[in-house]
């Protein structure tokens, strides 16, 4: 009887660890998609250049010059990143109906998916420790680390 109980506990533990790892990955994708959708599906959205005029604690602001025939915006905000210094000119995409911008191109895509990179690193710990799947854990950790490293280098 004890062996069946032990077996059931092992299955329950593995199911719980798999659910936690899946929850981490879903949270990373959901957190990333809020910004990534504007960068990756940018057709039909306003593209232009933001010239950084000032930076606060979490955001930078500056004038926006569009690429097409859309109106100029005197003050557009963007999330503060490592590379945002006063006078920097950044290619951006505006979120529809707002004056909030996100980085365009490869740096913008990598920056948008950075939360998924962190989620992959956390899930790798759960997969290695809770599920004992070390190869899968190393793969997830390497993918997450590569994503975060590439985002850091691109910005």
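In the numbering used here, the protein residues as written are 697 to 851. Think of the CB as a built atom: it goes at the ideal place given N, C-alpha and C, for glycine as much as any other residue. Predicted model only: the values in this text are computed from it and were never measured.
Contact set for residue i: own chain, Cβ-Cβ below 8 Å, skip 5 residues either direction
i, result
"residue 843", "806, 809, 810, 812, 813 and 816"
"residue 750", "756, 757, 758 and 782"
Beta-carbon spacing of residue i, residue j below 8 Å
i, j, result
"residue 796", "residue 830", "no"
"residue 755", "residue 739", "no"
"residue 783", "residue 748", "yes"
"residue 731", "residue 798", "yes"
"residue 837", "residue 820", "yes"
"residue 683", "residue 789", "Because the chain spans 697 through 851 in this model, residue 683 falls outside it and cannot be assessed."
Chain B within 8 Å of residue i, Cβ atoms only
i, result
"residue 745", "No chain B is part of this structure, which consists of one protein chain only."
Cβ-based neighbour list, residue i, same chain, cut-off 6 Å, excluding 5 preceding and 5 following
i, result
"residue 841", "none"
"residue 700", "none"
"residue 720", "815, 818 and 819"
Separation of residue j from residue i, as counted between CA atoms
i, j, result
"residue 745", "residue 787", "5 Å"
"residue 743", "residue 770", "15 Å"
"residue 718", "residue 706", "18 Å"
"residue 800", "residue 780", "14 Å"
"residue 702", "residue 714", "18 Å"
"residue 735", "residue 846", "17 Å"
"residue 767", "residue 761", "8 Å"
"residue 785", "residue 794", "20 Å"
"residue 763", "residue 832", "44 Å"
Identity of the residues DSSP links to residue i by a beta bridge
i, result
"residue 786", "746"
message: So, does the region 818-833 touch the region 699-718, judging by three or more C-beta pairs under 8 Å?
response: Look at the beta carbons and you see the region 818-833 touching the region 699-718: at least three pairs across the two are nearer than 8 Å.
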